[in-house]
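*Asks:*
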Amino acid sequence: MCLSSLKEFKGGVLSLIAGLSVGFLAGCGAYRVSNDKRDVKLSLFTAFFLATIMGVKFKRSKKIMPAGLVAGLSLMMILRLVLLLL
Numbered sequence: 001m002c003l004s005s006l007k008e009f010k011g012g013v014l015s016l017i018a019g020l021s022v023g024f025l026a027g028c029g030a031y032r033v034s035n036d037k038r039d040v041k042l043s044l045f046t047a048f049f050l051a052t053i054m055g056v057k058f059k060r061s062k063k064i065m066p067a068g069l070v071a072g073l074s075l076m077m078i079l080r081l082v083l084l085l086l
């Protein structure tokens, strides 16, 4: 195995771990919101985190897929959660 393929493997594993972690947080947040409509802290944190990270990636790469799409959907989720609190 050459060094470049080892770097790709590490990047893929880190991406997988990050995706699973954010997915788990989003799932827990959705569960909490489904039980209590005013308990949006975890969902709001997760959406803000995703919007920030993917917004920076979108600004850097200028590619709609996937960074721009995820950033836009995260911003819409933040808006939905804020409106849910009103």
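If you read the sequence shown in UniProt numbering, its first letter stands for residue 1, the second for the next number, and so on.
The beta-carbon is built from N, C-alpha and C at its ideal position, and this holds for glycine as well.
Here the structure is a predicted model, which is why all the values come from computation and not from measurement.
#1: Is the beta carbon of T46 sitting closer than 8 Å to the one on G29?
#2: Assuming L85 and V40 are in contact, meaning their beta carbons sit under 8 Å apart, how far apart are those beta carbons, in whole angstroms?
#3: What residues in its chain sit with their C-beta under 8 Å from that of I78, if we drop five residues either side in the sequence?
#4: Is the beta carbon of A67 closer than 8 Å to that of M54?
#5: Pick helix, strand or coil for K59, following the three-state DSSP scheme.
*Replies:* In this structure, then:
#1: yes
#2: 6 Å
#3: L44, A47, F48, A51
#4: yes
#5: helix
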